[in-house]
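Residue numbers (our numbering): 5 to 189.
Every residue gets a Cβ at the ideal spot worked out from N, C-alpha and C, and that includes glycine.
Notes for the one structure printed next.
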């Protein structure tokens, strides 16, 4: 998994120092999971002879669906959980290094995920944030047409921002506040 990650990073012309920094700056638990999630993709690319350039090409989501289908055909124990992990971590890494911004949200990946029951239900930390996500999803799917709808959308975004900020402030503890001579951050 790590070797594939490094190859993907190198293909975008990052230096070894930058790649090492990129890996070191990740949370260690997330990095372990990401490596494990990339391992099946690395095996797939090796077995099928797919180059890194092809993997990051115009349609990385297609390559990910092929890899998931290949992995499914191997029929292993705990397959569903491993496929979910593979989808999530490979999608994140492919989004990070390819020209496609959000591989996991492509229509192809969503369709495949629905048919294979690979959807990962996000669980926000606070209920307020969950409600805001529902609002953002609605705003993303319904484009405002009239000036009144544009104003309502703008107002909803302001309210959402304020609610998110207040949720952060409520959860803050005195011990988390860093005081300096001239300012409090």
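Own chain partners of residue i with C-beta closer than 8 Å, once the 5 adjacent residues on each side are dropped
i, result
"residue 93", "37, 38, 40, 41 and 42"
"residue 35", "27"
"residue 89", "37, 40 and 41"
"residue 87", "72, 75, 76, 120 and 122"
"residue 138", "none"
Residue burial classification, residue i (beta-carbon count within 10 angstroms, cutoff 16)
i, result
"residue 116", "buried"
"residue 44", "buried"
"residue 65", "buried"
"residue 67", "buried"
"residue 77", "exposed"
"residue 85", "exposed"
"residue 149", "exposed"
"residue 142", "exposed"
"residue 108", "buried"
"residue 52", "exposed"
Own chain, CB closer than 7 Å to residue i, minus 5 neighbours either side, in chain order
i, result
"residue 12", "56, 60, 97 and 101"
"residue 106", "99"
Alpha-carbon to alpha-carbon, residue j and residue i
i, j, result
"residue 119", "residue 82", "17 Å"
"residue 113", "residue 104", "13 Å"
"residue 158", "residue 15", "40 Å"
"residue 146", "residue 111", "17 Å"
"residue 73", "residue 50", "15 Å"
"residue 169", "residue 58", "42 Å"
"residue 70", "residue 153", "41 Å"
"residue 48", "residue 54", "8 Å"
"residue 140", "residue 18", "34 Å"
"residue 4", "residue 95", "Nothing can be reported for residue 4: it is not among the residues displayed for the chain, which extend from 5 to 189."
"residue 22", "residue 30", "13 Å"
"residue 91", "residue 5", "14 Å"
"residue 144", "residue 10", "34 Å"
"residue 24", "residue 151", "49 Å"
Own chain residues within Cβ distance below 6 Å of residue i, not counting five before or after
i, result
"residue 33", "none"
"residue 161", "none"
"residue 156", "none"
"residue 8", "42 and 46"
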